[in-house]
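Going by the working numbering, the sequence shown opens with residue 32, and the numbers climb by one from there. Notes to accompany the following structure.
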Amino acid sequence: MRRLCGFLFIGLFLALPVQATETLTFLTWEDYIDPELVSEFEQKNDVKIRFVYFEDDDEREMILAQTNGIGFDLVLLDSALVQNYIRQGWLEPLDRQRISNAAHIRMPWNRAPLPDTFYEVPYFWGTVGILYRKDRVNPPPTSWKAFFQPAEPHRHRILSLNTVSTVYAMALKALGRSMVDVTEQDIQAATSLLAFFAPYVTAWRNPTLKTDNEFSRGEIDMAMAYNGDALQLIDKDESGQLAFVVPEEGTGLWMDSLAILKSSQKKVLAERFIQFLNEPEINARNAQTLYYATPNTAAEALLPADFRANPAVFPPEAIRARSEVFTVWPVAINRLASQKFVELTFR
Numbered sequence: 032m033r034r035l036c037g038f039l040f041i042g043l044f045l046a047l048p049v050q051a052t053e054t055l056t057f058l059t060w061e062d063y064i065d066p067e068l069v070s071e072f073e074q075k076n077d078v079k080i081r082f083v084y085f086e087d088d089d090e091r092e093m094i095l096a097q098t099n100g101i102g103f104d105l106v107l108l109d110s111a112l113v114q115n116y117i118r119q120g121w122l123e124p125l126d127r128q129r130i131s132n133a134a135h136i137r138m139p140w141n142r143a144p145l146p147d148t149f150y151e152v153p154y155f156w157g158t159v160g161i162l163y164r165k166d167r168v169n170p171p172p173t174s175w176k177a178f179f180q181p182a183e184p185h186r187h188r189i190l191s192l193n194t195v196s197t198v199y200a201m202a203l204k205a206l207g208r209s210m211v212d213v214t215e216q217d218i219q220a221a222t223s224l225l226a227f228f229a230p231y232v233t234a235w236r237n238p239t240l241k242t243d244n245e246f247s248r249g250e251i252d253m254a255m256a257y258n259g260d261a262l263q264l265i266d267k268d269e270s271g272q273l274a275f276v277v278p279e280e281g282t283g284l285w286m287d288s289l290a291i292l293k294s295s296q297k298k299v300l301a302e303r304f305i306q307f308l309n310e311p312e313i314n315a316r317n318a319q320t321l322y323y324a325t326p327n328t329a330a331e332a333l334l335p336a337d338f339r340a341n342p343a344v345f346p347p348e349a350i351r352a353r354s355e356v357f358t359v360w361p362v363a364i365n366r367l368a369s370q371k372f373v374e375l376t377f378r
């Protein structure tokens, strides 16, 4: 239903008449920017930012494939997908002079600056882990194996992300296999594990990032979650029972990036917005609000010491050493995983 509503919204907004105030249309995840910063940019530039939300990577790609990007100006995407989007002809090369704050960016994996020609400005980076209620899960789920092979009391009391590659990647970590060099045999093995896991899942989606949520209502015990989402929910939790862990097998390291659509008619305004979000003070505020690690080194230097030292925000070398960076799988492997995932989730 949520997806259907999303597509209905897109259709309606594309049919809206042009407003007097200039509007920037941003295709992104929900709850992934400090709303106060949006208001500041709108007031400072006398513009309006219209947000269109997708539920997962697959839905974003479907939206762009159906529209060829027409009607959108900015998109937020996994950095691993940037080359695919360039090949599709969806992304515009970025202007370093108009986005001078991109000079603050360093890739989190090797601290390298952006290349001379670039199509993305990294936004945040982080991990995938397990968010759980300490009063409901004992012993704590310190491994992916414990998450994917839960005890009977957790049946229908688990949330899982629904991006195929993420779910399969974490299942592969549980099996002690690589989530990068993936074979058909790996997908089959992960499918067997997920077939056991599926009856314990009440919904395949992100946790709700509101004070009134599935955890606070006592409806779920565990969730696969992005680290920043988990930390936001822990901050809102009044019971003191929520905790987050990156499992002992390691995890997937991801990085999200901002990019401008080639079809955009507001490229200069889109560049101005990216420049604004990478002003060090602005970027640091956004990171603290969302509990995510920033690749903006000037902003990182402004963050409080306890925030920078939080291993759930900035994963230490010990976690990174046993983790792998998300990559795009070969078409045949991705197709097989998608097919198996549909079979599992629509039983």
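Backbone N, C-alpha and C define an ideal beta-carbon position, used for all residues, glycine too.
Would a C-beta distance cut-off of 8 Å place residue i and residue j closer than the cut-off?
i      : j      : result
Val168 : Leu262 : no
Leu192 : Ile251 : no
Leu122 : Lys371 : no
Ala133 : Val152 : yes
Ser174 : Glu280 : yes
Glu284 : Val211 : Contrary to the premise, residue 284 reads as Leu rather than Glu in this sequence. No, they are not a contact pair.
Phe179 : Ala202 : yes
Arg236 : Glu86  : yes
Arg303 : Asn76  : yes
Pro311 : Asn327 : yes
Leu112 : Leu264 : no
Val195 : Ala368 : yes
Asn258 : Gly157 : yes
Met253 : Pro184 : no
Asp65  : Leu321 : yes
Ser354 : Phe103 : no
Leu58  : Ile101 : no
Leu300 : Val83  : no
Val359 : Asn99  : no
Pro361 : Ile350 : no
Can you find a CB in chain B that lies within less than 8 Å of the CB of residue i?
i      : result
His185 : Annotation note: the requested chain B is absent from the structure, which comprises a single protein chain.
In terms of residue numbering, what span does the alpha helix (DSSP H) encompassing residue i cover?
i      : result
Pro311 : 311-321
Lys116 : Note on residue identity: the sequence assigns Tyr, not Lys, to residue 116. 113-118 is the span of the alpha helix (DSSP H), which, as asked, contains Tyr116.
Val362 : 362-376
Arg351 : 348-352
Phe215 : According to the sequence shown, residue 215 is Glu rather than Phe. First-last of the alpha helix (DSSP H) with Glu215: 215-228.
Arg303 : 298-308
Leu203 : 195-205
Arg186 : Neither: Arg186 is in no alpha helix (DSSP H) and is coded neither H nor E.
Phe338 : 336-339
By alpha-carbon positions, which one of the options ends up nearest to residue i?
i      : options                        : result
Leu225 : Ala363, Val211, Ala177         : Ala177
Leu68  : Thr59, Ile80, Leu58            : Ile80
Phe155 : Ile101, Thr325, Phe82          : Thr325
His135 : Thr376, Leu308, Ser369         : Leu308
Thr22  : Thr222, Ile64, Ser209, Glu312  : No answer is possible for residue 22: the residues shown for the chain start at 32 and end at 378.
Arg118 : Ile265, Tyr150, Gln128, Tyr84  : Tyr150
Pro124 : Thr59, Leu145, Lys267          : Leu145
Asp88  : Glu71, Pro342, Glu61, Asn327   : Glu61
Gln306 : Gln128, Thr98, Leu95           : Gln128
Thr242 : Gly259, Asp268, Asp260         : Asp268
Leu55  : Val362, Gln319, Lys298, Glu374 : Lys298
Val277 : Met255, Gln296, Leu333         : Met255
Gln74  : Ile130, Thr52, Leu58           : Thr52
Thr239 : Asp260, Thr222, Ala96          : Asp260
Met138 : Met286, Val373, Ser223         : Met286
Ala352 : Arg188, Thr148, Trp140         : Trp140
Thr376 : Thr222, Ile350, Thr320, Asp126 : Thr222
Thr197 : Thr98, Val213, Tyr63           : Val213
Lys165 : Phe246, Arg142, Ala340, Ile94  : Phe246
Ala330 : Ala318, Asp337, Ala340, Asn341 : Ala318
Tyr63  : Tyr323, Asn341, Ala336         : Tyr323
Provide the residue(s) that pair with residue i in DSSP beta bridges, ordered along the chain.
i      : result
Val78  : Glu53
Thr59  : Tyr84
Arg164 : Leu273
Ala324 : Trp156
Val356 : Leu284
Ile136 : Asn327
Leu122 : Leu292
Determine the extent of the beta strand (DSSP E) in which residue i is found, giving its start and end residues.
i      : result
Phe155 : 152-157
Trp175 : From DSSP, Trp175 is part of no beta strand (DSSP E) but of the alpha helix (DSSP H) over 175-179.
Met253 : 253-257
Ala290 : 283-291
Ala234 : 232-235
Leu190 : 189-191
Leu107 : 105-109
- Item | Segment contact flag, the segment 101-110 with the segment 275-290, C-beta cutoff 8 Å, min 3 pairs | As far as the Cβ criterion goes, the segment 101-110 touches the segment 275-290, which means the pair count is three or higher.
- For the 8 Å Cβ check, are there 3 or more pairs between the segment 225-236 and the segment 267-280? Contact fails: fewer than three Cβ-Cβ distances are below 8 Å.
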